[in-house]
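Quick note on the numbering used here: the sequence shown kicks off at 2 and runs consecutively.
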Amino acid sequence: MNKYQEALDELCTCTEGWNSEHCCSHAEWRQASEYLENCRKLLQELVDRATPKKVLNMYMFVYMNEYTVKTGQCPFCKRGLGINEVTKSPKFCPDCGQALEWTDADAK
Ligand SMILES: [Zn+2]
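Next comes the structure, spelled out in structure tokens:
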């Protein structure tokens with residue numbers, strides 16, 4: 002189980018019975034709130050990672066005089082993105098899992 006799943010599970014467990022007026026004391030509530038905030042941040046991290054970000058220093062070149070391929074740098078870990086398949090650029094960084102967006106703002 003990864004930390005995101007763990008955070009999500011904890012969040013779900015903690016929020017059970019939130020509608021109840023007598024679920025916990027003020028101190029417990031405060032502690033739970035802080036804990037949930039931490040969980041929320043982890044989930045935000047996951048959401049961010051899953052949201053495509055623009056590839057850095059993206060450039061196109063012609064491979065084997067036949068295919069136009071794109072390459073660049075991961076926007077999160079700055080890893081150089083190799084070409085895995087001739088006609089496709091990776092949708093996720095093979096190193097950190099960042100979702101990648103290959104659209105070129107200057108192209109259209
Ligand atoms: Zn990366």
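All residues carry an ideal CB built from backbone N, CA and C; glycine is no exception.
When DSSP labels each residue in this structure, what does residue i get in the three-state scheme?
i, result
"residue 42", "helix"
"residue 92", "coil"
"residue 21", "The pLDDT assigned to residue 21 is 47, lower than 50, so where the model puts this residue is not dependable; a value taken from the coordinates is nonetheless given after this. In this structure, residue 21 counts as coil in the three-state DSSP scheme."
"residue 4", "helix"
"residue 108", "Its pLDDT being 46, under 50, residue 108 is placed unreliably by the model, and the measurement read from it follows with that caveat. If DSSP states are grouped into helix, strand and coil, residue 108 belongs with coil."
Are the CB atoms of residue i and residue j nearer to each other than 9 Å?
i, j, result
"residue 90", "residue 63", "no"
"residue 56", "residue 101", "yes"
"residue 103", "residue 65", "no"
Need the endpoints of the beta strand (DSSP E) that residue i sits in, please.
i, result
"residue 73", "68 to 74"
"residue 63", "57 to 64"
For the segment 2 to 10 against the segment 32 to 48, do three or more pairs of beta-carbon atoms, one drawn from each stretch, fall closer than 8 Å, so that the two count as touching? For the pair of segments examined, the segment 2 to 10 was found to touch the segment 32 to 48: the number of CB pairs separated by less than 8 Å reaches three.
Could you name the residues, in chain order, whose CB is less than 6 Å away from a heavy atom belonging to ligand 3? The model depicted lacks ligand 3 and carries ligand 1 instead.
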